[in-house]
Amino acid sequence: AAVDNAPAIVVGSGYGAAVAALRLGQAGIRTLMIEMGRLWNTAGSDGKIFCSTAAPDQRSMWFRTRTEAPLATFLWLDVVNKDITPYPGVLDRVHFANMSVFVGRGVGGGSLVNGCMAVTPLKSYFAEQFPTVDADEMYATYFPRANSMLGVNTVDPAWFESTEWYRFTRISRKHAQNTGLKTTFVPSTYDFAYMQKEAAGTATKSALAQEVIYGNNFGKKSLDKTYLAAALGTGNVTITTMERVRAISRASDGSYVLTADRINDAGTVVETKQYSCTYLFLGGGSLGTTELLVRARDTGTLPALDASVGAGWGPNGNTMLGRANHLWDTVGANQSTMPVMGIDDWANTANPVFAEIAPLPTGLEHWVSLYLAITKNPQRAAFTYDSATDGVKLGWTAAQSAVSSGMAKKLFDRINSANVTIYRTDLFGSSNRTFADDFTYHPLGGCVLGKATDNYGRVKGYSKLYVTDGSLVPGSIGVNPFVTITALAERTMARVLVEDTAP
Ligand code: FAD
26 AAVDNAPAIV VGSGYGAAVA ALRLGQAGIR TLMIEMGRLW NTAGSDGKIF
76 CSTAAPDQRS MWFRTRTEAP LATFLWLDVV NKDITPYPGV LDRVHFANMS
126 VFVGRGVGGG SLVNGCMAVT PLKSYFAEQF PTVDADEMYA TYFPRANSML
176 GVNTVDPAWF ESTEWYRFTR ISRKHAQNTG LKTTFVPSTY DFAYMQKEAA
226 GTATKSALAQ EVIYGNNFGK KSLDKTYLAA ALGTGNVTIT TMERVRAISR
276 ASDGSYVLTA DRINDAGTVV ETKQYSCTYL FLGGGSLGTT ELLVRARDTG
326 TLPALDASVG AGWGPNGNTM LGRANHLWDT VGANQSTMPV MGIDDWANTA
376 NPVFAEIAPL PTGLEHWVSL YLAITKNPQR AAFTYDSATD GVKLGWTAAQ
426 SAVSSGMAKK LFDRINSANV TIYRTDLFGS SNRTFADDFT YHPLGGCVLG
476 KATDNYGRVK GYSKLYVTDG SLVPGSIGVN PFVTITALAE RTMARVLVED
526 TAP
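Here the sequence shown is numbered in full-length UniProt numbering, starting from 26 and rising by one per residue.
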């Protein structure tokens with residue numbers, strides 16, 4: 026196979042990768058991005074690029090015969106998931122022994138499928154998680170830079186108070202207030218001016234048409250509209266898709282050699298390619314990057330990688346739950362898919378929880394209040410190489426998940442007690458489960474900043490090799506993570522372009 030040479034290669038095209046590519050391109054460094062998923066720019070037979078959660082088709086999930094939505098059932102019935110044809114769809118659910126991880130696949134990574142909640146973490150908790158990072162500089166320079174580049178905006182409070190589309194949020198806020206809890210608006214990368222037009226009937230509905238985890242056709246400022254568009258605009262960045270990087274090694278001249286499997290729409294490997302580069306930036310996300318480095322270390326292609334590569338992983342304390350409301354507390358048949366508010370009990374040092382008020386749009390009144398709780402679960406796990414599959418195993422246990430649910434339960438028991446309400450037990454399969462703590466939207470860690478890398482994401486043991494994504498975050502950040510991942514990548518690139526790439 027031919028060797029394509031670019032001075033810099035970026036693996037992946039999510040948040041960390043997109044920041045790296047833009048800043049490399051602006052510095053005049055020719056850069057190739059390699060993404061395993063599709064470029065989502067072509068409409069299907071229905072005229073749309075993405076499908077909705079109401080009518081999932083092959084575009085929904087990464088090579089599945091049936092969708093695997095986070096909410097599996099309704100009234101214990103298997104009415105949510107649908108049979109589909111295997112295809113490189115946009116949402117993947119990667120299964121480990123006791124934890125499954127949702128990730129985006131395609132140009133834009135998680136930005137294609139996420140809920141757009143763009144939250145800057147509490148400065149004190151950021152400093153606790155990143156003791157070696159200058160927090161003042163982060164909050165003065167890199168968080169503002171990330172928010173501005175990502176196009177973060179906030180819902181108009183007057184419209185929020187009046188629209189039927191956020192009735193579900195106002196009901197949950199009322200129940201939090203009845204409990205004496207604080208709620209807070211959360212910013213978003215969904216364009217609220219567009220959403221207001223959707224509500225007014227003057228623009229094609231997307232967030233108001235049950236589009237989110239399988240992609241949004243309108244309104245969402247995903248990375249392909251922001252960082253990646255700007256990166257391509259430099260003229261120095263190109264993106265190749267449907268190629269999964271499998272192996273990384275180092276040539277005798279110090280350059281990196283990548284082996285990538287090119288797949289077709291059936292998932293068959295049609296070609297194995299090799300690439301070489303001087304600078305290698307890993308942005309495959311917590312799962313993608315950590316797997317590549319654990320494999321490289323343990324198969325001996327990059328033997329000098331640190332022993333801490335693979336360690337320090339956590340699910341950001343995620344657990345999902347639903348509450349059943351009284352008949353008079355209707356949540357509305359019409360719900361926006363974009364969350365705009367959280368219950369913020371992080372200051373409660375005995376039991377810190379930040380719970381996003383999540384939508385459950387079905388087009389019918391169902392009296393369910395849904396939440397994605399982010400708890401301060403201190404448990405961490407490690408990825409280990411599995412030679413039988415040439416993949417990785419994750420050592421996370423059900424008991425570690427129970428810590429997240431226990432914390433969420435303490436908070437929501439209070440809310441239920443203050444409002445005389447109960448949990449819904451019909452949403453997460455047939456076994457009357459209250460807390461769905463066996464999946465996460467927020468995989469974090471595996472190549473932790475300052476442990477597997479130096480203080481700027483330079484991988485220990487090798488020069489000109491960098492990690493720029495969620496694997497740098499040590500398992501927990503207390504809020505939805507993409508703003509933090511983006512800001513840390515900005516900080517890395519600012520440093521690396523000054524210190525490492527000078528001629
Ligand atoms: P990712 O965005 O995961 O990007 C990694 C990319 O690399 C992917 O495109 C992947 O296909 C590609 N890749 C991986 N391995 C390879 C390889 N070997 N070769 C080639 N390509 C590879 N966060 C928030 O802050 N707010 C939210 O509202 C929110 N909601 C979410 C909802 C859902 C359903 C999900 C799944 C996530 C949500 N998140 C949210 C999490 C957020 O999307 C992630 O934290 C973020 O995308 C991680 O960024 P990253 O740069 O680490 O990697």
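The beta carbon of each residue, even a glycine, is placed where N, CA and C say it ideally should be.
Specify, as a first and last residue, the run of the beta strand (DSSP E) that MET58 falls within. By 1-based counting over the sequence shown, the position of residue 58 is 33. Run containing MET58: 56 to 59, per the beta strand (DSSP E) assignment.
Cα-Cα separation between ALA205 and ARG89, rounded to whole angstroms: As a working mapping, residue 205 is identified with position 180 in the sequence shown. As a working mapping, residue 89 is identified with position 64 in the sequence shown. The residue you asked about is not Ala; residue 205 is Gly in the sequence shown. Approximately 44 Å, taken between the alpha carbons.
Which parts of the segment 285 to 345 are runs of the beta strand (DSSP E), unbroken and 3 residues or longer, counting only runs that do not cross its ends? 294 to 302, 304 to 307
Residue of ALA234, ASP438, GLY131, ALA276 minimising C-alpha distance to LEU389: Here residue 389 corresponds to residue number 364 of the sequence shown, with the count starting at 1. Here the closest residue by C-alpha is ALA234.
Could you give the DSSP three-state label for PHE408: helix, strand or coil? The count along the sequence shown starts at 1 and reaches residue 408 at position 383. The answer is strand: DSSP assigns PHE408 an E or B state.
Which first and last residues belong to the alpha helix (DSSP H) in which residue 13 is found? The structure shown does not extend to residue 13, since the chain is modelled only from 26 to 528, so the question has no answer here.
Span of the alpha helix (DSSP H) holding ARG89? Taking the first residue of the sequence shown as 1, we reach residue 89 at position 64. No alpha helix (DSSP H) holds ARG89; DSSP gives it neither H nor E.
On the CB-based measure, 16 or more other CB atoms within 10 Å of its CB, does TRP87 come out buried or exposed? As a first step, residue 87 is located in the sequence shown; it is residue number 62 there, counting from the start. Burial call: buried.
Just to confirm the assignment, what range does the alpha helix (DSSP H) spanning ARG170 have? Numbered from 1 along the sequence shown, position 145 holds the residue referred to as residue 170. Segment 168 to 175, the alpha helix (DSSP H) holding ARG170.
Limits of the beta strand (DSSP E) - the one that GLU381 falls within: Along the sequence shown, one-based indexing puts residue 381 at 356. Here the beta strand (DSSP E) through GLU381 covers 378 to 383.
Report the residue from ALA225, GLY176, ASN289 whose alpha carbon sits nearest the alpha carbon of LYS246. Looking up residue 246 in the sequence shown gives position 221. Of the listed residues, the one whose Cα sits closest to LYS246 is GLY176.
CA-CA distance, ASN505 and GLY313? Residue numbering aside, residue 505 sits at position 480 when the sequence shown is read from its first letter. Residue numbering aside, residue 313 sits at position 288 when the sequence shown is read from its first letter. Roughly 19 Å between the two C-alpha positions.
Quick one: grab the DSSP three-state call for TYR448. Position 423 of the sequence shown, counting from 1, holds the residue named residue 448. Reduced to three states, the DSSP call for TYR448 is strand.
Heavy atom of the ligand FAD less than 7 Å from the Cβ of ILE59, yes or no? Sequence index remark: in the sequence shown, residue 59 carries index 34 (1-based). Yes - the ligand FAD has a heavy atom lying nearer than 7 Å to the Cβ of ILE59.
Nearest-angstrom Cα separation, counted from GLY503 out to ALA42: Here residue 42 corresponds to residue number 17 of the sequence shown, with the count starting at 1. Here residue 503 corresponds to residue number 478 of the sequence shown, with the count starting at 1. If I take the Cα positions, the gap works out to 22 Å.
Given this structure, state the Cα-to-Cα distance separating ARG269 from PHE507, to the nearest angstrom. Here residue 269 refers to the residue found at position 244 when the sequence shown is read from its first residue. Here residue 507 refers to the residue found at position 482 when the sequence shown is read from its first residue. Those two C-alpha atoms are separated by around 22 Å.
Rounded to a whole number of angstroms, what is the C-alpha to C-alpha distance between ARG322 and ARG275? On the sequence shown, residue 322 is found 297 positions in, with the first residue counted as 1. On the sequence shown, residue 275 is found 250 positions in, with the first residue counted as 1. Roughly 12 Å between the two C-alpha positions.
At the level of alpha carbons, what is the spacing between VAL105 and GLN83? Here residue 105 corresponds to residue number 80 of the sequence shown, with the count starting at 1. Here residue 83 corresponds to residue number 58 of the sequence shown, with the count starting at 1. If you take the alpha carbons of VAL105 and GLN83, they lie about 15 Å apart.
Spatial neighbours of ILE109 within its chain, please: C-beta separation below 8 Å, excluding the five flanking residues on both sides. The residue you call residue 109 lines up with position 84 of the sequence shown. Answer for ILE109: PRO81, ASP82, GLN83, SER85, MET86, ARG89, THR90, ARG91, THR92, listed in chain order.
Using the three-state DSSP reduction, which class does ALA27 fall into: helix, strand or coil? In the sequence shown, the residue the question calls residue 27 occupies position 2. Unreliable placement is indicated for ALA27, whose pLDDT of 46 sits below 50; no coordinate value is reported for it.
Is the segment 420 to 430 touching the segment 394 to 403, taking contact as three or more C-beta pairs under 8 Å? yes
On the three-pair Cβ rule with 8 Å, is the segment 223 to 231 touching the segment 464 to 484? no
Cβ-based neighbour list, ALA329, same chain, cut-off 6 Å, excluding 5 preceding and 5 following: Residue mapping note: residue 329 aligns to position 304 of the sequence shown, counting from 1. Cβ within range, chain order: GLY486.
Ignoring anything shorter than 4 residues, give me the alpha helix (DSSP H) runs that lie fully in the segment 186 to 269, in order along the chain. 192 to 203, 217 to 225, 252 to 258
Along the chain, where does the beta strand (DSSP E) containing ARG491 start, and where does it finish? For the purposes of this step, residue 491 is taken as the residue at position 466 of the sequence shown. What sits at residue 491 in the sequence shown is Tyr, not Arg. Here the beta strand (DSSP E) through TYR491 covers 490 to 492.
Indicate, with yes or no, if the ligand FAD has a heavy atom lying under 7 Å from the CB of THR178. The sequence position of residue 178 within the sequence shown is 153, counting from 1. Correcting the residue identity first, residue 178 is Asn in this sequence and not Thr. No, the Cβ of ASN178 stays beyond 7 Å of every heavy atom of the ligand FAD.
Output the boundary residues of the alpha helix (DSSP H) element that contains ARG520. Sequence index remark: in the sequence shown, residue 520 carries index 495 (1-based). Residues 507 to 524.
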